[in-house]
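Visitor:
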Amino acid sequence: MNTQGERNVTGTPAIRLTDVGMHYGRKEVLKNITLDINRGDFMAITGPNGGGKTTLLRIMLGLLRPTAGSVSYLDCHGNQAPRLTIGYLPQKSAVDARFPITVEEVIRLGLMGPEAPHDNVDARVADMLARLELEVKAGSPVGELSGGQFQRALLGRALVAEPEVVILDEPLSYLDKHFEHELYGMLQEVKSVRPDTAIALVSHEMSEIAAMATRHVIIDHTLHICHSATHLVHYDCDL
Ligand code: ADP
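Pasting the structure below:
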């Protein structure tokens, strides 16, 4: 739902994780994660490799069902919602570049969900291609792209529907400095045009992200809420 023009809903929860736990077989990857991702949050998530960050994002997205606890989606009135519009940028390594699909089709996929806007689809895709400087690659199969171009196409897919929640898993990998700044610019723009958007972002390169973020958490199988961005540097924070 587009909250533009409605009452200020910043701070109301969009995704609620309650006592979430996850086992892969006998291996416990996450335990006791209780966390709200609120409208207007820019949540920076860091933690050691293998700490469960990607697993947590996939649980937030509904792609994985936790083995304990619950995940709920809430509309801007605080009522349970069957789904939200969520844009997702997976880790690039999680996507098969051999899949026979063009750049334009990748971005168009972001408009196919039931909650996505279905008006002006061509214009939205064209605008996103232009903002990502991928117009000349629009008809190219993704297998022909550089790592950075592929990452940008996936970013376009995540943002094109102007979703209520944006979830980004290591978005900086493969981006050169120019597009790293473009990414920050695009996220700043999302925040200024649609301030109720909730953003959750996993990154190891935290300095600039941390400056933009409004909340910081560390996932090291359990959840640690950080009260200061500097704690992120050492994966260490007040518990
Ligand atoms: P992070 O994103 O913090 O690096 P992950 O969520 O990717 O952590 O992985 C957490 C742990 O769960 C790792 O030890 C990983 O090997 C394991 N894991 C992730 N996905 C699976 C899976 N599908 N099956 C079994 N183990 C998995």
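Residue numbers for the sequence shown follow this note's numbering, so the first one is 8 and each next one is one higher.
For each residue, glycine too, the CB sits at the ideal point set by N, CA and C.
1) Using the Cα positions of Asp-43 and Val-172, report the straight-line distance between them to the nearest angstrom.
2) Let me know the secondary structure DSSP gives Gly-28 once reduced to three states.
3) Out of Asn-15, Val-113 and Ala-123, which has the shortest C-alpha to C-alpha gap to Glu-142?
4) Compare the beta carbon distance of Ala-133 and Ala-21 with 8 Å and say whether it is the shorter of the two.
5) Bridge partners of Thr-109, per DSSP?
6) Using the Cα positions of Gly-32 and Thr-62, report the straight-line distance between them to the nearest angstrom.
7) Cα-Cα, which of Glu-169, Gly-163 and Gly-155 is closest to Glu-179?
8) Look at the alpha carbon of Ser-77 and the alpha carbon of Thr-25, and state the distance between them as a whole number of angstroms.
9) Who sits around the ligand ADP, taking every residue whose Cβ is closer than 6 Å to one of its heavy atoms?
10) Can you tell me the Cα-Cα spacing of Leu-96 and Phe-157, whole angstroms?
11) How do the segment 82-96 and the segment 144-152 stand: do at least 3 beta-carbon pairs fall below 8 Å, yes or no?
12) Where do the ends of the alpha helix (DSSP H) carrying Thr-41 lie?
13) If I measure Cβ to Cβ from Gly-28 and keep anything under 8 Å in the same chain, skipping five residues before and after, which residues do I get?
14) Near Ala-220, what residues of its chain come up, given a Cβ to Cβ distance below 8 Å and the 5 sequence neighbours on each side ignored?
15) In three-state terms, what does DSSP make of Asp-183?
16) Does the beta-carbon distance from Arg-46 to Asp-203 come in below 8 Å?
17) How big is the Cα-Cα spacing for Leu-91 and Asp-82?
18) Bridge partners for Tyr-80 per DSSP, in chain order?
19) CB Glu-215 to CB Tyr-191, shorter than 8 Å?
20) Cβ of Met-193 versus every heavy atom of the ligand FMN: is any distance shorter than 7 Å?
21) How far does the alpha helix (DSSP H) with Ala-133 in it reach, from first residue to last?
22) What's the gap between the Cα of Pro-121 and the Cα of Leu-136?
Guide: Taking the structure as given:
1) Within the model, the alpha-carbon separation for Asp-43 versus Val-172 is close to 12 Å.
2) Assigned with DSSP and collapsed to three states, Gly-28 falls in strand.
3) In terms of Cα proximity to Glu-142, the closest of Asn-15, Val-113 and Ala-123 is Val-113.
4) No, the pair does not count as a contact, with Cβ atoms beyond the cut-off.
5) Beta-bridge pairing links Thr-109 to Pro-148.
6) About 14 Å.
7) For the sequence presented, residue 179 should be read as Leu rather than Glu. If we check each option's Cα against that of Leu-179, Gly-155 comes out closest.
8) One C-alpha to the other measures close to 5 Å.
9) With 6 Å as the limit, the residues whose C-beta approaches a heavy atom of the ligand ADP more closely than that are Tyr-31, Val-36, Gly-54, Asn-56, Gly-57, Gly-58, Gly-59, Lys-60, Thr-61 and Thr-62, in chain order.
10) When rounded, the distance between both Cα atoms is 11 Å.
11) As far as the Cβ criterion goes, the segment 82-96 does not touch the segment 144-152, which means the pair count is below three.
12) First-last for Thr-41: 34-45, but that is the beta strand (DSSP E), not the alpha helix (DSSP H).
13) Cβ within range, chain order: Glu-35, Leu-37, Lys-38, Asn-39, Ile-40, Pro-73, Thr-74, Ala-75 and Gly-76.
14) Sequence-distant partners of Ala-220 (beyond 5 residues in either direction) whose C-beta falls short of 8 Å from its own C-beta, in its chain, are Phe-49, Met-50, Ala-51, Leu-208 and Ala-236.
15) Coil, per DSSP.
16) Contact flag set, yes.
17) Straight-line Cα distance between these residues: approximately 8 Å.
18) Residue pairing by DSSP places Tyr-80 opposite Ile-22 and Ala-88 in a beta bridge.
19) Contact flag set, yes.
20) Absence of the ligand FMN is noted for the structure shown, with the ligand ADP being the only ligands found.
21) According to the DSSP assignment, Ala-133 belongs to the alpha helix (DSSP H) that extends over 128-138.
22) Taking the CA atoms as reference points, Pro-121 sits about 22 Å from Leu-136.
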